[in-house]
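A quick write-up on the structure given underneath.
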Amino acid sequence: MSRSLGDIVGALGGELVGNASLQIARLAPLATARADELSFVAQARYAVQIQTTEAGALIVPASLKDAASSRGTCIVCEDPYLYFARLTQWWKAQHEPAEEPRVDPGARIHPSAVIGDRVSIGPFAVVGPGARIGDGARIGPHCIVGRDAAIGEGTLLYAQVSVGDRCVVGQRCILHPGVVIGADGFGFAPHQGEWVKIEQLGAVRIGDEVEIGANTCIDRGALDDTVIGNGVKLDNLIQIGHNVRIGDHTAMAGCVGVAGTATIGAHCSVGGGAIVLGHLTLADRVNISAATVVTRSIHQPGLYTGMFPIDDNAAWEKNAASLKQLGRLRERVRALEQRTDNDHTK
Amino acid sequence: MSRSLGDIVGALGGELVGNASLQIARLAPLATARADELSFVAQARYAVQIQTTEAGALIVPASLKDAASSRGTCIVCEDPYLYFARLTQWWKAQHEPAEEPRVDPGARIHPSAVIGDRVSIGPFAVVGPGARIGDGARIGPHCIVGRDAAIGEGTLLYAQVSVGDRCVVGQRCILHPGVVIGADGFGFAPHQGEWVKIEQLGAVRIGDEVEIGANTCIDRGALDDTVIGNGVKLDNLIQIGHNVRIGDHTAMAGCVGVAGTATIGAHCSVGGGAIVLGHLTLADRVNISAATVVTRSIHQPGLYTGMFPIDDNAAWEKNAASLKQLGRLRERVRALEQRTDNDHTK
Amino acid sequence: MSRSLGDIVGALGGELVGNASLQIARLAPLATARADELSFVAQARYAVQIQTTEAGALIVPASLKDAASSRGTCIVCEDPYLYFARLTQWWKAQHEPAEEPRVDPGARIHPSAVIGDRVSIGPFAVVGPGARIGDGARIGPHCIVGRDAAIGEGTLLYAQVSVGDRCVVGQRCILHPGVVIGADGFGFAPHQGEWVKIEQLGAVRIGDEVEIGANTCIDRGALDDTVIGNGVKLDNLIQIGHNVRIGDHTAMAGCVGVAGTATIGAHCSVGGGAIVLGHLTLADRVNISAATVVTRSIHQPGLYTGMFPIDDNAAWEKNAASLKQLGRLRERVRALEQRTDNDHTK
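Sequence lines, in order, name chains A, B and C.
Read left to right, the first sequence gives residues 161 to 506 (the numbering used here).
Read left to right, the second sequence gives residues 161 to 506 (the numbering used here).
Read left to right, the third sequence gives residues 161 to 506 (the numbering used here).
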C-alpha cells in the first residue's frame, strides 16, 4: 500500500529534493516517524526536530529547505500544513477507493422522493415523501431524510443521521453519525406555572462544504429558519439553538452551546465547551476561547476569554472564598486610600 | 396555504379590530414581517416597533390596542405570547394534518407487546417483549422500546429514540431524535485501583407532557428510579444522572449536566451549560444562570449565578493572574489596615 | 423474585449474623429500605442510620458488626461497597438471566465478516466487510460495526452504537446507546479564509473492560490512533478528540470534553463538565474537579480545581464587576504600600 515520493509530487506538486523513488508506507507525526514514513514541518519552531526525526522524507517550507535537504529527501512547498492536508485527502482516496454507488434494497425510500444520479443509500435508511437527494450523495445506514428535506450533491451522511422535515443540507457536506438536524427549537410560553409549546414552524438551512461532528444538534427555527453558512465546521456534541445564524467559514470545537437567535459572524472560531447566550451578535472574525461564556454582543474582531484559572484545589478554595469577598475588599482599599489621603492633606 | 384573520380568531378567540378577511400567509417576527404576515407584540417595550413594522396584522395586549389599531388590523388578547404559542399549534395542525396511524410492516414488534389503538410505529422500530404502547402514540423509525417499557397515550417518539427496559414515559410527551432513556447510571466501586461495576437495577419514570430534546440522556437509577415530573421541558444534549429527581414544570436549556442523586424542585429553570453536582437539593422555583456550577444545595427560591465574566483576552489574562494572587492580596490589605491603625493609634 | 440471605452469602461470601432464611425482595438505599430489603453501610459516618433504618438486613464492615447485629440480621465483610457492587451483579444475573445468543435474520452482516461463537446480533444491525465479532459479544439493534472493525469477546453494544471502520473495541466492554466511535477528528488546515479538510487516517483502539456512556463520542486519530486504556469508564455525552490517549482505569463523569492530542494518565478522574485542552499531558492519579478547565499540563498527582463559585445573582454581579477591576485593584494596593512605606521611612 506504499506510494513513491515521485507519485506524491506528481499528484500534489512541490519541489522534490532527493530520492523520488523512495517508497512511503504511511504518513506520520514528526516525533515518531520512521524511515518509510513521510512527515511535515510547518513552522520554523519545529526546525530543531529536523535533525532528530527518523522520517524517510519531510515536507518543508522554502525557509527550511537547506536544513531538510542536508539530512535527506524532502518536498519543498509554500505551505506544508496545507500540503499535508491535501496529501491526507490524496492518500485516503488511494487507499479507500470510492465504492460503486448503490441504493440498498433494504432502505425505505418514499416513491415521491427524488433520487439523483450515482447516489448511495445504505441499509435501513428512510427517505421521506418529497425528499430530494442530489447527485453523488451518500446516505448511510439508519439515516433519516424527512419529508420535503433536501440533501445536496456530493454530500455524505454517515450513519444514524436525522435530517428533519423541510431541512436543507448543501453540497459536499459531511455529517457524522448521530447528527440531528431540525429537532424542535426550545420554545414555550409560560402560563399559570406550566409551559405551552410554541410549535417550531421554521426549518434548518445548511450551506455547502459544511462538516458537522458526531451527535451535534441544530434545531429548526421558530418562524424563520436556522441558517448555517458555507464552509462552517462544527465539531462533536455541539448544540445550535433555533434561529441561530452562523456566518461562512466559522469553526466551533466540541461541546459548544449556542442559544437561540444568536447571530455569529463569518470566519469566527469558538473554543471547546464555550457557551454563547441567546439573542447576541458576534461580529466577523471574533474568536472565543474554550469554556468561555459569551454574555454580551461582541462588535470588534479579536480574542475573548472568560474562565476561572485552574489551580491546586486548596489554592482554588482560598481564592474562591476571597472572590466572594471581592466587593468588600474593594471597599476596604477605598477606605485605606481615603484615610491615607486624609493623612497626607492634614 | 393562507388563513384569514377571521378563521384565526374563530379558532383561538381574542378581539379582532379591523379586517377579518385579511389573508395571513405566514407567522413572522415583528422586525421582518410583511403585509401578508401576522406578528405579535408581547411587551410594552416593543411598542415602538408597532409604528415601523410592515406586518399585515398584530397580536397585542389591551394596553397596546390603541397604538396597534391606529396603524391597522390587530387581535387584542390578554397574553399575546401565550396566544402566539397556541396560534403556532393551530397553524401547524392546519398545515401538517395528522397522518393516519399506521404500524409499519418493517417494524419489529414482539408478540407479547401490547399496542394501543391508533398507534403509529415507523419502519425499523423495535418494540420489545412486554412493552406497552398507549393509544395514539407514535413511535418513529429506528426507535427502540425495551422489554417491559411503557409509552403513554399520545406520546411522540421521533426517530432513533432508545427507551430502555422497564422505563416508563408518560402521556403526551415528545422525545426528539437520539434521546436515550435508561442507559446505566455511572456507578462503580473502587477496588485495588480498578472499578467494579454496580449494576443499575432501577429504571426511569417520566411524567406527562414532558418534552426531551435531541440526544439528551436520562440514566436509570441504581436501586430506585430516576424520576422526571410532569410538564418538565429538557432541551438538547442534556445529561441527567442516575437517581435524579426533577420536579414538575422545571425547564432546562441545552448542554446542562445533572449529576447523580440530585433532587431538583418544581418550577425551576437551569440555564444552558450549567452543571448541578450530585446529591444536592434545589428548592422549588430556583433559577440557575447559564454555565453556572451548582456546588451546594439551594433552599431559597431566587436566581443564582457563578461564571467568569468574558473580557478581551489580554484583560482576562491580567485579571486571571491577579485572581490567583487574591488570597495574598487580602493579606496585604489586612497588613495595610493594621499598619494604618497602628499609625493612628500611635 | 426474592432471594434468601443464605443464598446471597453462599454466592458472595461474608459472615452472616442472624437469620439466613430471611427473604430479600429488593436491594434498597439505607434511608428508605424496608423489612424485606437489603441495604449496606459502607462508612462509619453512616453508622447512626443503623439504628433508624427499617432494612431487613444490612451489609456492614467489621467495625460496625456490633452495632448492626444488635439491631438485627447483617452480613459482615471487608468492603461493604465492593460487596454491594458484586451483589448488584449477582442480583441482575438472577433476575435477568442471559438470553440465548441469536443472530437476527434482519441484521445485515457482510459475508466477509467473522462472527465468533455464541454471538448475538440484533435486528437492523449492520456488520461491515472484514469486521470481526468476538465470542459471546452482543451487538444490539441498529448498531453499526464498520469495515475491518473488531469487537472483542464478551463485549456488549447496546442499541444504535456506531463503531467506525478499522476501530477496535476490547473484551468485556459495554457501550451504551448512541455511542459513536471513530468519527473523524476535527482537523482542518486554514487556506485563504477557508478550511481544508485533513483526512483522519488513524482509528480508535479501546482496551478491555471499558464502559462508555450514552451518546459519548471518541474520534479517530489523524495519523496515529486514539487510544483508550483498559478499565477506563466514561459517562454520557463525553467528547474525546483525535489522538487523545487515556491511561488505564481513568474515569470521567458526564459532559467532559477532551481536546485533541491530550494525554491523560492512568487512575485519573475528571469531574462532570470539565474541559481538557489539546496537546496537554496529565500525570497518573490526577483528579480534576467538575466544570474545571485544564489549560496546562499537570505533572503531579492531586486534586485540581477552577470554577467560579455560585452566589445569589446580585452578589455575583457585584463580585464579577470587581473581578474585571482586579488588576487595577492590585495596582492600587501596591500604591498604598509604597505610600505607607514612604511615610514610614520619612
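Beta carbons: idealized from backbone N, C-alpha and C, even for Gly.
Measure the CB-CB distance between residue i and residue j and report whether it falls below 9 Å.
i, j, result
"residue 247 (chain A)", "residue 187 (chain A)", "yes"
"residue 241 (chain B)", "residue 174 (chain B)", "no"
"residue 301 (chain C)", "residue 268 (chain B)", "yes"
"residue 168 (chain C)", "residue 275 (chain C)", "no"
"residue 375 (chain A)", "residue 340 (chain C)", "yes"
"residue 408 (chain B)", "residue 439 (chain B)", "no"
"residue 162 (chain C)", "residue 183 (chain C)", "yes"
"residue 528 (chain A)", "residue 176 (chain A)", "Residue 528 (chain A) lies beyond the residue range present for chain A, which begins at 161 and ends at 506; the question has no answer from this structure."
"residue 355 (chain C)", "residue 467 (chain B)", "no"
"residue 393 (chain A)", "residue 348 (chain C)", "yes"
"residue 353 (chain A)", "residue 370 (chain A)", "no"
"residue 345 (chain B)", "residue 360 (chain B)", "yes"
"residue 420 (chain C)", "residue 401 (chain C)", "yes"
"residue 273 (chain C)", "residue 293 (chain C)", "yes"
"residue 291 (chain A)", "residue 306 (chain A)", "yes"
"residue 497 (chain A)", "residue 490 (chain C)", "no"
"residue 195 (chain B)", "residue 211 (chain B)", "no"
"residue 452 (chain C)", "residue 480 (chain C)", "no"
"residue 368 (chain A)", "residue 331 (chain A)", "yes"
Count the other C-beta atoms from every protein chain shown that fall within 10 angstroms of the C-beta of residue i, then say buried if there are 16 or more, exposed otherwise.
i, result
"residue 314 (chain B)", "buried"
"residue 363 (chain B)", "buried"
"residue 245 (chain C)", "buried"
"residue 260 (chain B)", "exposed"
"residue 469 (chain C)", "buried"
"residue 197 (chain B)", "buried"
Return the first residue and the last residue of the alpha helix (DSSP H) that residue i is part of.
i, result
"residue 504 (chain A)", "486-505"
"residue 348 (chain C)", "Taken as a continuous stretch (DSSP letters only), residue 348 (chain C) belongs to no alpha helix (DSSP H), being part of the beta strand (DSSP E) at 348-351."
"residue 247 (chain B)", "240-255"
"residue 165 (chain A)", "165-172"
"residue 475 (chain C)", "473-483"
Residues of chain C with CB closer than 7 Å to the CB of residue i, please, in chain order.
i, result
"residue 241 (chain A)", "349"
"residue 215 (chain B)", "The premise fails here: residue 215 (chain B) is roughly 35 Å from chain C at the closest Cβ pair, so nothing lies under 7 Å."
"residue 268 (chain B)", "266 and 283"
"residue 502 (chain A)", "Result: empty, since nearest Cβ-Cβ is about 12 Å, beyond 7 Å."
Check the Cβ of residue i against every Cβ in chain A and list those closer than 8 Å, keeping chain order.
i, result
"residue 498 (chain C)", "Ordered by position in chain A, no residue passes the 8 Å Cβ test against residue 498 (chain C), which lies about 11 Å from the chain."
"residue 365 (chain B)", "By Cβ distance, chain A contributes nothing, its closest Cβ being about 20 Å from residue 365 (chain B), past 8 Å."
Between which two residues does the beta strand (DSSP E) harbouring residue i extend?
i, result
"residue 199 (chain B)", "197-200"
"residue 175 (chain B)", "175-177"
"residue 221 (chain C)", "217-221"
"residue 437 (chain B)", "Segment: none, residue 437 (chain B) is in no beta strand (DSSP E) and carries neither H nor E."
"residue 235 (chain C)", "233-237"
"residue 354 (chain B)", "354-357"
"residue 463 (chain B)", "462-465"
"residue 386 (chain A)", "386-388"
"residue 343 (chain B)", "340-343"
"residue 447 (chain A)", "446-448"
"residue 365 (chain C)", "364-366"
Starting from residue i, find everything on chain C with Cβ-Cβ shorter than 8 Å and list it in chain order.
i, result
"residue 493 (chain A)", "489, 492, 493 and 496"
"residue 415 (chain A)", "399, 415, 417 and 435"
Please list, in chain order, the chain B residues whose beta carbon lies closer than 7 Å to that of residue i.
i, result
"residue 467 (chain A)", "468"
"residue 374 (chain C)", "340, 343 and 377"
Name, please, each residue of chain A whose Cβ falls closer than 7 Å to the Cβ of residue i.
i, result
"residue 480 (chain B)", "469"
"residue 167 (chain B)", "By Cβ distance, chain A contributes nothing, its closest Cβ being about 17 Å from residue 167 (chain B), past 7 Å."
Can you pull the chain B neighbours of residue i, defined as C-beta to C-beta under 9 Å?
i, result
"residue 248 (chain C)", "347, 357, 358, 359, 360, 361, 382 and 383"
Can you determine whether any heavy atom of the ligand COA sits closer than 8 Å to the C-beta of residue i, and answer yes or no?
i, result
"residue 373 (chain C)", "The ligand content of the structure shown is nil, which means the ligand COA is not present either."
If you measure beta-carbon to beta-carbon, which residues of the region 300-332 of chain B are closer than 7 Å to chain C? 302, 304, 320 and 322
Using a Cβ-Cβ cut-off of less than 7 Å, give me the residues of the region 333-359 of chain C that come near chain A, in sequence order. Of all residues in the region 333-359 of chain C, the ones placed with a Cβ closer than 7 Å to any Cβ belonging to chain A are 338, 340, 343, 344, 346, 348, 349, 351, 353, 354, 355, 356, 357, 358 and 359, in chain order.
Listed from N- to C-terminal order along the chain, which residues in the region 378-393 of chain A have their beta-carbon within a distance smaller than 8 Å of any beta-carbon of chain B? Listed by position along the chain: 379, 382, 383 and 384.
Contact residues within the region 271-303 of chain B, judged by C-beta distance below 7 Å to chain A: 283, 284, 301 and 302
Got a sec: which bits of the region 439-472 of chain C sit with their beta carbon under 8 Å from any beta carbon on chain B, in order along the chain? 450, 451, 467, 468, 469, 470, 471 and 472
Closer than 7 Å, Cβ to any Cβ of chain C: which residues of the region 187-217 of chain B, in chain order? none
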